Each structure stands twice: as structure tokens, then as C-alpha cells.
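K.L.:
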Amino acid sequence: MNKIMYLEFERCIGCRACQAACRECGDHDAKERNYVEYIDFTESRQTFPMMCMQCRDPACARVCPANAIQITEEGVVLSAMDEKCIGCRNCTFACPFGIPKFDFEENKMYKCDMCYDRSKYDIAPMCASVCPSEAIRFIDFEEMQSLRRRRTQMNLIEGKKPSENDKWKYVPEFFGVYSD
3 MNKIMYLEFE RCIGCRACQA ACRECGDHDA KERNYVEYID FTESRQTFPM MCMQCRDPAC
63 ARVCPANAIQ ITEEGVVLSA MDEKCIGCRN CTFACPFGIP KFDFEENKMY KCDMCYDRSK
123 YDIAPMCASV CPSEAIRFID FEEMQSLRRR RTQMNLIEGK KPSENDKWKY VPEFFGVYSD
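According to the numbering used here, the stretch in the sequence shown is residues 3 to 182, in order.
1. Do you know whose CA, among N4, P98, T49, lies nearest I15's CA?
2. Once the 5 residues before and after K5 are set aside, which same chain residues still bring their CB inside 7 Å of it?
3. Compute the distance between the beta-carbons of C54 and I101, then report whether it is under 7 Å.
4. Identify whether V65 lies in helix, strand or coil by the three-state DSSP scheme.
5. Go ahead and pull the three-state DSSP assignment for V132.
6. Can you tell me which residues form a DSSP beta bridge with E39?
7. What's the call for D182, buried or exposed, on a 16-neighbour Cβ count within 10 Å?
8. The beta strand (DSSP E) with Q72 in it runs from where to where?
9. Can you give me the C-alpha to C-alpha distance between C90 and K113, rounded to a whole angstrom?
10. Could you tell me which uninterrupted alpha helix (DSSP H) segments, each at least 4 residues in length, are contained entirely in the segment 91–130, listed from first to last along the chain?
11. Report yes or no: do three or more beta-carbon pairs, one from the segment 29–43 and one from the segment 60–77, lie closer than 8 Å?
12. When DSSP builds the beta bridges, which residues end up paired with V79?
13. Of the choices D59, I88, F95, whose alpha-carbon is the least far from that of T74?
14. Measuring only the C-alpha atoms, how far is M146 from A137?
15. Helix, strand or coil: how does DSSP classify A32 here?
16. Could you spell out the range, first to last residue, of the alpha helix (DSSP H) harbouring E85?
In C-alpha cells:
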């Protein structure tokens with residue numbers, strides 16, 4: 003995998019095309035594995051796309067007693083393997099982003115896996131392939147670095163200071179996230 007996911011939350015227009023596309027991904031069983039959330043529903047209609055951040059040291063995999071959550075060579079954290087998932091839901095409680103969901107009918111966990119059947123061949127995940135506002139992109143690492151530098155420069159010009167938020171330290175370099 004030579005490309006990475008890049009998110010710019012403030013570009014999200016709330017259309018939920020990413021969710022519809024996610025349901026269409028090959029092995030997703032017509033279930034969406036990403037979400038569109040409201041930043042603060044009481045104050046704004048601003049939304050942001052939420053998907054698995056593919057953590058460097060994923061809490062969901064660490065707490066799984068059945069070792070059902072596998073990590074690929076590229077660092078993609080996959081959904082729980084059907085034959086191993088025991089339905090304990092530890093992963094859903096451990097994730098700092100609240101991504102893994104539990105299907106009570108199927109008795110298994112599922113989550114965004116960056117459409118691994120596509121992304122391992124450098125084909126954009128379904129969500130990135132349909133996002134009209136480019137809030138979700140599947141781009142080269144160099145392009146992501148360029149976008150980050152440009153955003154940092156604009157923030158300095160506008161007098162914005164970077165904010166620290168502990169959960170973002172878990173996001174690997176191959177998954178670029180920009181949030182104002």
C-alpha cells in the first residue's frame with residue numbers, strides 16, 4: 003500500500019455518501035463501518051467523517067482475548083475474524099474513537115478496515131472514492147505532507163495555535179488526519 007487516508011474534518015458537508023459507499027464495499031455485508039458525526043449538535047450543524055484511525059498500537063486488538071483482530075503487514079487493523087470473535091465487546095469499549103460496533107444478531111464485531119480488499123492494491127476505499135467535498139482522500143504520503151505543511155502555514159498566518167489531544171498520538175503516519 004503506497005497511499006494513505008487523509009481526513010480534513012471541516013470539509014465534511016454531511017452528505018453521508020461515505021456511509022452509503024461503505025455499505026457497498028465487497029466484504030462489508032451491506033453494513034456501514036464508518037460514520038458521520040456532529041461536532042456539537044446543540045451549537046452547529048457541522049459534521050465530520052469518522053472511521054477507524056488504524057492505530058499504531060490498537061487498543062481494540064490489545065484487549066481482544068481471542069486474538070480475533072488482526073493487523074496486516076501494512077498496519078491496517080481488520081475487523082474481528084468471524085471464527086475467532088467470542089462476542090465479549092472488549093474492543094468496542096477500548097477504542098478511543100468509538101469505532102468498533104457490535105452486531106448482536108451476528109454476535110461479532112465489525113469496523114472500518116479501509117476496504118482492505120481495495121486499498122492493498124492502492125485502490126481508494128469506497129468512502130474516499132465518493133466524497134464530493136474531499137473530506138476523505140486516499141493520497142500519496144508526499145501529497146499528505148504538502149497538505150499538512152500548507153495547513154500549518156495558514157494556521158500560523160491566521161494566528162491559530164496547534165491543540166494537543168492525546169488520542170491523536172495513536173494515529174499512524176500512514177493515516178493523515180487534519181482537524182482544526
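Ideal placement from N, C-alpha and C gives every residue a C-beta, glycine not left out.
Only a predicted model underlies this, so the values are computations on that prediction, with no experimental measurement involved.
P.N.:
Taking the definition as stated:
1. T49
2. D124, F140, I141, D142
3. yes
4. In the three-state reduction of the DSSP assignment, V65 falls in the coil class, being assigned neither a helical nor a strand state.
5. helix
6. E39 pairs with F50.
7. Model confidence at D182 stands at a pLDDT of 47, short of 50, so the residue's coordinates are unreliable and nothing is read from them.
8. 71–73
9. 15 Å
10. 92–96, 118–121
11. no
12. I73
13. Of D59, I88, F95, the smallest CA-CA separation from T74 is found for D59.
14. In a straight line, the C-alpha of M146 is about 13 Å away from that of A137.
15. DSSP places A32 in coil when its eight states are reduced to three.
16. No alpha helix (DSSP H) holds E85; DSSP gives it neither H nor E.
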